[in-house]
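In this note's numbering, the protein residues as written are 924 to 1463. Have a look at the structure below, then the notes.
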Ligand SMILES: [Zn+2]
């Protein structure tokens, strides 16, 4: 389409072209005008200069009022965690765990190749094959010695005494010392674990074992066991810094060097996080059961990247439990999680995958934003329809809120009280069911298709109007995704979702996620029964 082509057209053809161009221009303008207030665009898409205190929508079910900071305020991070590095550097840790007890700690590969450099040179991130390894340089005094004795003779089964046993090997563990009651602060200590061997009267020499979890195909290259440089409490702290404080592996390394004079390689840090993920994995079943039994469940999803693969991070949030799953945006993940056991109300956005579930609820904030988007259209006709829809929704929202504050008012009254408004909305939707404006037509049909579900809150005003619970649960991890650029491996993705679930669930139950994850890690490393999830406050 150019000037030459236009000059050949008849006036009638020209007019048709103009109408089409005008329509396209309006659509393009509307798209430019989209903000988080009038569309499904996330709050994070808001430019930094537009963020103000008055920006949040009025709809809020009184859940967590403390909103996350605008995402744009986050500085760009050029130091993604390097899983590759983890693998190549695993050698460093194992080097530290040699057969001879020693006081050494693997030094980090500081000053190594940054992944940004790696991209430009086409090399893999992390230590390059053949590059010089870093030996053990850091020496610490031993605070405590823990001796592991063999209990019974491996040959004849006789109970062994602790007398006359000898250390045959051992390892050093750096741990965060447990504080005495009333003691403030945080101190690192080095524990030397010694494994002893004992001579039995039968002549057999039995060596005290150290627990190592059997290999698990779901956790490729993720070792779980007692012989670790990083103690469980220090491991829990690393998980907390990585997931809750959203620090990159490089920042966590810097944190321990600056504050504790402790040198840890990013490889060791990464390995510890994945080990913790494997340790908490058996808790997922308990969280799934609690979600299945929930009376009210909020669900939402957001894109997630694992390497170059596009996946979805799903969140399922109840009053006392939050579960994250990373997978494909498909029916499968829903039908696996929400079996026939689930009898509660499910609040979601309008995504089709939820449609088959009974007892659905729709987020009104999403719908109001869509109406608002139409109301701000440059097309006067569309704008007027959008404005009317918006007005009706707001009237109903006001009425629902009012009913909630008056405990005496029966819920069923609203539908008849506001029958004319509801009829006006219905009529408007019918009218625009086949509208030529794409968005107006889509919204009108969305209302009509899901009419009974959308209006459930009018009949049952105690039900929530928004999906804020799920959206807020995702927001923290959306920022984490931006910082870490997603995960790099299947094990890394699994560890992330599991640890995020445990952390958020602990927070909902007013329990320290750090100490809980540390206790789970300690038990898992010895093959013991895991401590169960923190109790739900006030039951239910
Ligand atoms: Zn014996």
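Cβ coordinates follow ideal geometry from the N, Cα and C atoms, glycine included.
Opening and closing residue of the beta strand (DSSP E) in which residue i lies
| i | result |
| --- | --- |
| residue 1071 | 1067-1071 |
| residue 1466 | Because the chain spans 924 through 1463 in this model, residue 1466 falls outside it and cannot be assessed. |
| residue 1238 | 1232-1240 |
| residue 1113 | 1111-1122 |
| residue 1229 | 1219-1229 |
| residue 1086 | Looking at the DSSP string, residue 1086 is not in any beta strand (DSSP E), and its letter there is neither H nor E. |
| residue 1153 | That residue, residue 1153, is in no beta strand (DSSP E); it is neither H nor E in DSSP. |
| residue 1250 | 1245-1250 |
| residue 1128 | 1128-1130 |
| residue 1271 | 1268-1271 |
| residue 1197 | Careful: residue 1197 lies outside any beta strand (DSSP E), inside the alpha helix (DSSP H) at 1189-1203. |
| residue 1284 | 1283-1285 |
Burial state of residue i, where buried means 16 or more other Cβ atoms lie within 10 Å
| i | result |
| --- | --- |
| residue 953 | buried |
| residue 926 | exposed |
| residue 1084 | exposed |
| residue 933 | exposed |
| residue 1006 | Any answer about residue 1006 is weak, because its pLDDT of 40 lies below 50 and its placement is not dependable; what the coordinates show is given next. Classification of residue 1006: buried, given that the 10 Å Cβ count is 16 or more. |
| residue 1451 | exposed |
| residue 1210 | buried |
| residue 1058 | With a pLDDT of 47 at residue 1058, under the threshold of 50, the modelled position of this residue cannot be trusted, and the question is left open. |
| residue 942 | exposed |
| residue 1439 | buried |
| residue 1367 | buried |
| residue 1193 | buried |
| residue 1266 | exposed |
| residue 1221 | buried |
| residue 1277 | buried |
| residue 1126 | exposed |
| residue 1019 | Its pLDDT being 39, under 50, residue 1019 is placed unreliably in this model, and the value from its coordinates should be taken loosely. The residue in question, residue 1019, is buried, as its Cβ has 16 or more Cβ neighbours within 10 Å. |
| residue 1362 | buried |
| residue 1302 | buried |
| residue 990 | Bear in mind that a pLDDT of 31 at residue 990, under 50, signals an unreliable position, so the model cannot answer this. |
| residue 1255 | exposed |
| residue 948 | exposed |
Between the CA atoms of residue j and residue i - distance to the nearest angstrom
| i | j | result |
| --- | --- | --- |
| residue 1431 | residue 1419 | 18 Å |
| residue 1093 | residue 1115 | 7 Å |
| residue 963 | residue 1289 | 7 Å |
| residue 1403 | residue 1090 | 45 Å |
| residue 1082 | residue 1117 | 20 Å |
| residue 1132 | residue 1073 | 7 Å |
| residue 1401 | residue 1326 | 35 Å |
| residue 1198 | residue 1141 | 12 Å |
| residue 1384 | residue 1175 | 47 Å |
| residue 902 | residue 1353 | Summary: the structure shown does not reach residue 902, with the chain confined to residues 924 through 1463, and so no result is reported for it. |
| residue 1036 | residue 1407 | With a pLDDT of only 34 at residue 1036, under 50, the local geometry of the prediction cannot be trusted, and no value is derived from it. |
| residue 936 | residue 1316 | 42 Å |
| residue 1296 | residue 960 | 8 Å |
| residue 1087 | residue 1104 | 37 Å |
| residue 1214 | residue 1240 | 8 Å |
| residue 1263 | residue 1461 | 27 Å |
| residue 930 | residue 1270 | 56 Å |
| residue 1428 | residue 1245 | 5 Å |
| residue 1033 | residue 1190 | Only weak support exists for where residue 1033 lies, its pLDDT of 36 falling under 50; the coordinates are left without a value. |
| residue 1442 | residue 1454 | 7 Å |
| residue 1147 | residue 1070 | 20 Å |
| residue 1280 | residue 1144 | 38 Å |
| residue 1371 | residue 1149 | 59 Å |
| residue 1388 | residue 1110 | 47 Å |
Where the alpha helix (DSSP H) through residue i begins and ends
| i | result |
| --- | --- |
| residue 1315 | 1303-1328 |
| residue 1210 | 1207-1215 |
| residue 1366 | 1361-1372 |
| residue 1165 | No alpha helix (DSSP H) holds residue 1165; DSSP gives it neither H nor E. |
| residue 1340 | 1336-1340 |
| residue 1144 | Residue 1144 -> no alpha helix (DSSP H), and no H or E assigned at all. |
| residue 1264 | It is not in any alpha helix (DSSP H) - residue 1264 carries neither H nor E in the DSSP assignment. |
| residue 1063 | Per DSSP, residue 1063 belongs to no alpha helix (DSSP H) and is neither H nor E. |
Check: Is the region 1124-1136 touching the region 1400-1414 in the sense that three or more CB pairs, one from each, lie closer than 8 Å?
Finding: no
Notebook entry, point to check: Three or more C-beta pairs closer than 8 Å, one from the region 1177-1190 and one from the region 1223-1235: is that the case here?
Noted result: no
Notebook entry, point to check: In the region 1383-1463, which residue ranges form an unbroken alpha helix (DSSP H) of at least 4 residues, counting only runs that do not cross its ends?
Noted result: 1391-1407, 1413-1431 and 1436-1448
Margin query: Taking contact to mean 3 or more Cβ pairs, one atom from each stretch, closer than 8 Å, check whether the region 1338-1350 and the region 1307-1316 are in contact.
Written below: yes
Check: With contact counted as at least three CB pairs below 8 Å, one residue from each stretch, are the region 1389-1400 and the region 1204-1212 in contact?
Finding: no
Note to self: I'd like to know if the region 1159-1174 and the region 1372-1382 are in contact, where contact means that at least 3 CB-CB pairs between them fall below 8 Å.
What the structure shows: no
Margin query: Measuring CB atoms only, is the region 1146-1160 touching the region 1094-1108, in the sense that at least three cross pairs come out at less than 8 Å?
Written below: yes
Checklist line | Check your reading: residues with Cβ closer than 6 Å to ligand 3 heavy atoms | finding: Annotation note on ligand 3: not contained in the displayed structure, which lists ligand 1 as its ligands.
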